[in-house]
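Which chain is which? The protein sequence lines are A and B, in order.
The C-terminal position of the first sequence is numbered 598 in our numbering, with every residue numbered one higher than the one before it.
The C-terminal position of the second sequence is numbered 213 in our numbering, with every residue numbered one higher than the one before it.
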Amino acid sequence: MGKEARQNWDNPVQFVLACVSYAVGLGNVWRFPYLCQMHGGGGFLIPYLIMLVLEGIPLFYMELAIGQKMSLGSIGAWTAINPYLGGIGVASVVTSMYLCLYYNIINAWSFWYLFHSFQSVLPWAECPLNSNRTGPIEECETGTSTEYFFYRETLNISSSIEENGGIHMGQALCLLLAWVITYLFIARGVKSTGKVVYFTAIFPYVVLFIYLIRGFTLHGAFNGVAYMFTPKLEQLANPTTWINAATQIFFSLGLGFGTLIAFASYNQYNNNFERQAIIVSFINCGTSIFASVVTFSIYGFKATVNYENCLERTRLLLLNTFNLAEDSVSMDNVFEWIEKLNTTYPQQFAEIAHKLEGCDLESELDTAVEGTGLAFIVYSEAIMNMPVSQLWSVLYFLMLLLLGMGSMLGNIMAIITPLRDFKLLSHISDELLNGLVCVFCLLLGLGFTTTSGNYWFTMFNDYGANFSLLFVVLAEVITVSYIYGIKRFEKDIEDMLGHRPNWYWKIMWAGVSPLLLITLFIVYIVNYIQGGTPTYQAWNKELVSWGSFPLLTDYPVFGQLFIALLLVSSVSCVPLTALYVYCRERKRRPAHTGSPE
Amino acid sequence: MLWKVLLLLGLSSAWAQKLCSPGASDGYKVRLSINSALGDQAYVWNENEMFLFRATLAFAMRTYSDGQEYDVANVVVCDETPRVSFWFVVTSPLDASLLVDKRRVEEAVRKSRSRINSAFLLTDDTLEFIGIPPTLEAPVAPDTPPWLIAFGVVMGGVGAGIVVLLVSSVVQKIRKKRDGEEETGGKTENEAASDAIYNMSFSDDEPVTQM
């Protein structure tokens, strides 16, 4: 097809590893454990697996089929399916572009933490001292040292999205490094990516396994695992559980970005992608569960350490106030002593009653965190309490890096593959085109390294991709099932694989998946409208002494406009492209009908 | 005569006790946490240890205060508790009824804190002078932050990788062009048809090897 021979993966294993590397990303580590905890522990697996079967695997299969059949990137593939709906591909590329802009910042943070792990004392383990060296800095004391390190030293965050500052040089350097490495991995297209994915797909599992062993041998780990995996089946009655399961499967598999189409376009025509789709989906699912077990054991350890520290502080308070001998109160009988002292010295006890923190292991375990907060604050807090913490820190951030890089590779390919297909750009060499895309994304991404950068990052993270992807995949499945036609699609697959897809696939594509997607779409819109003004969490330094951060703030007007722009810009590509193609056809047709006369 | 001496001694010790009382304006409370610091190797707090404390404090006052000859008797201790905490005041060597000013005591303690700590095998956390915050050690600030070194290493490696990659692809392109020119130059003498076929396959090869 055409004069160029398209690049191919060296072997099918590279393709599978590339898909695994792309699909298994940070969301498996920091979103799934949170959902598991929020929606009834082990019981969450039931809706999760059901949604995988109803929605995840069929849509994954469909995207791979399209890519492998058309051997083109997303724009070319959708234009080939139906010229008016090439806009679906354009929407995918725009969404991938937004993702590429902000996703590498996470890799930059991982690099920052990784490089800072090569010190005798981890910098987030202790608060830095104030100017007269009498104690820690006030901002650090009100929060924790890990929070301080993340918000002040890593991000140097401003008080709100409206306050801008300069670029954080360390962040900018790390972002530069992240893009340089991304370029190195994709410079020669599939030839280089194919070799890299062996490492980016497999090494995170090695680290997860090491962490599993380490996690289980930590003091208090079983508290976490037991508490969180105990199924609370009443959560299954809550519709939000099912919605969240469907949404998580959807985003976890990376559908709609055009990456799967791009990867599959480099396949041999007769590659058995049906089996590969099922394998990759289950690997992704399994990794989420695996990562949750590790996360919960780390949670359990952290909660136990915090609980014991709380008991220790209470014990000291009792000793110091009542001048008891040191060995009279131990950690085990703190609560008995509290009762005893309350009855014998009620007045003195009343004086210190406000200083007594209620130490409760369950409430420590209940603190559920997701996202960058989990990865960079909670985990680093747990790591600093482990023996030989530098080693564990290096391993952990290396794993985060590889997970993030793997997903980045997929998203960059989703942009470059369609660009490559354009005749205009086909005379530019691979290395140059890839370099230009990387430089462009780097320059725009520098905006996220400013002091208000994290707020913009959160905005992109929350609004940049979610809505557009739902729309894009809904459009995809409706196009394939009804506009292109299931019969034609069946024949294409038979052409490639040698057998037709069975009734399960057809029912999912034509009926179940579109219904599910429409439901998700409507729920998203309803939530967005009902949520009122979008808000974000601001880290306001002035309110430090009241201990009231992060503070929930409304987005200012320009922020809300930007959110609307993000949502509309990718979705509108579909109607706009259809309109453009229609006008182009109209222009052509009058000349056509005019000439015979 | 003897009873006068006894009376004076009794009065002076009573007086000394009056000088030192919990909450005294020129006194400080001291708290030791020996078990937390030393665990199994904790020593028992007794009169001898108290004597050592008073002697250490007298040493601190001698060295870091006005240089007068403070003695163990000038450090008066009271209100000992099983926690191992007590109050102390320092009297002037010239006049036993006069207390040394709080700030001079604080200064002396601050400057000799590490000596006092090491005399008892304790640290700033476990030997506390309530009201005298310890001057914490300034963190060691290396000339180059260590993270920059790690960054430099990785960046250098990646940069070298990219240079190697680009150079090798340019070299390959030049080599292919040279090979292609040689071949087409040789073949023009032969059939034009095979020439045309050969040219097409040549232009097919180029994009493939470029990648």
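Beta carbons: idealized from backbone N, C-alpha and C, even for Gly.
In this text the structure is predicted, and so the values were computed from the model without any measurement.
- Against chain A, the CB of Ser23/B has no partner CB under 8 Å away; the residue lies outside that interface.
- Listed along chain B are Trp149, each with a C-beta nearer than 7 Å to that of His117/A.
- In this structure, the beta-carbon distance from Leu362/A to Gly41/A does not fall below 8 Å.
- Proximity to Val208/A across His428/A, Met400/A, Thr554/A peaks at Met400/A, based on C-alpha coordinates.
- Taking the Cα of Asn541/A as reference, the smallest distance to any Cα among Ser118/A, Thr147/A, Val30/A, Ile162/A is reached at Ile162/A.
- Just so you know, the alpha carbons of Ile479/A and Thr96/A end up roughly 19 Å apart.
- For Arg117/B, the uninterrupted alpha helix (DSSP H) run begins and ends at 115-121, by DSSP.
- Burial check for Cys584/A: the Cβ neighbour count within 10 Å stays below 16, so the residue is exposed.
- When secondary structure is reduced to three states using DSSP, Arg106/B falls in the helix class.
- Chain A has a Cβ within less than 8 Å of the Cβ of Met157/B.
- Residues of the segment 314-330 of chain A whose Cβ lies closer than 9 Å to any Cβ of chain B, in chain order: Leu317, Leu320, Asn321, Phe323, Asn324, Leu325, Ala326, Glu327, Asp328, Ser329.
- Between the beta-carbon of Ala246/A and that of Phe45/A there is about 7 Å, and that keeps the pair under the 8 Å contact cut.
- Here DSSP, grouped into helix, strand and coil, assigns Leu34/B to strand.
- Less than 8 Å separates the beta-carbon of Cys439/A from that of Thr183/A.
- What Val473/A touches in chain B, judged by beta-carbon distance under 7 Å, is nothing: the nearest beta carbon there is about 29 Å away.
- Proximity of Asn37/B to chain A, defined by a Cβ-Cβ separation below 8 Å, is satisfied.
- Using beta-carbon distances, Arg105/B does not count as an interface residue toward chain A, since no partner is under 8 Å.
- Interface with chain B (8 Å Cβ-Cβ cutoff): Arg134/A is included.
- Interface with chain A (8 Å Cβ-Cβ cutoff): Phe153/B is included.
- Counting only residues of its own chain and dropping the five nearest sequence neighbours on each side, Phe200/A has a CB closer than 8 Å to the CB of Leu403.
- A Cβ-Cβ distance of about 18 Å is found for the pair Gly407/A and Ala278/A, leaving them out of contact under the 8 Å criterion.
- Cβ atoms of Val91/A and Ile76/A come within 8 Å of each other, at about 6 Å.
- Within the model, the alpha-carbon separation for Phe119/A versus Ile211/A is close to 20 Å.
- Counting the other CB atoms within 10 Å of its CB gives Val330/A a total of 16 or more, which places it among the buried residues.
- Per DSSP, the beta-bridge partners of Tyr537/A are Thr554/A.
- In this structure, Phe458/A is the residue among Phe458/A, Ile508/A, Trp506/A, Thr534/A with its C-alpha nearest to the C-alpha of Asn105/A.
- Around the beta carbon of Pro388/A, fewer than 16 other beta carbons sit within 10 angstroms, so the residue counts as exposed.
- Collapsing the DSSP output to three states places Phe90/B in a strand.
- Between Leu567/A and Gly465/A, the C-beta spacing is below 8 Å.
- Of all residues in the segment 179-205 of chain A, the ones placed with a Cβ closer than 9 Å to any Cβ belonging to chain B are Val181, Ile182, Tyr184, Leu185, Ala188, Arg189, Gly190, Val191, Lys192, Ser193, in chain order.
- Thr260/A places its beta carbon 8 Å or farther from that of Gly26/A.
- Annotation: the continuous beta strand (DSSP E) that includes Asp81/B extends over 77-83.
- Beta-carbon to beta-carbon, Pro84/B and Leu325/A are separated by about 6 Å, close enough to satisfy the 8 Å threshold.
- Under the three-state reduction of DSSP output, Ile162/A falls in the coil class, being neither helix nor strand.
- Taking 8 Å as the CB threshold, Thr137/B lines the interface with chain A.
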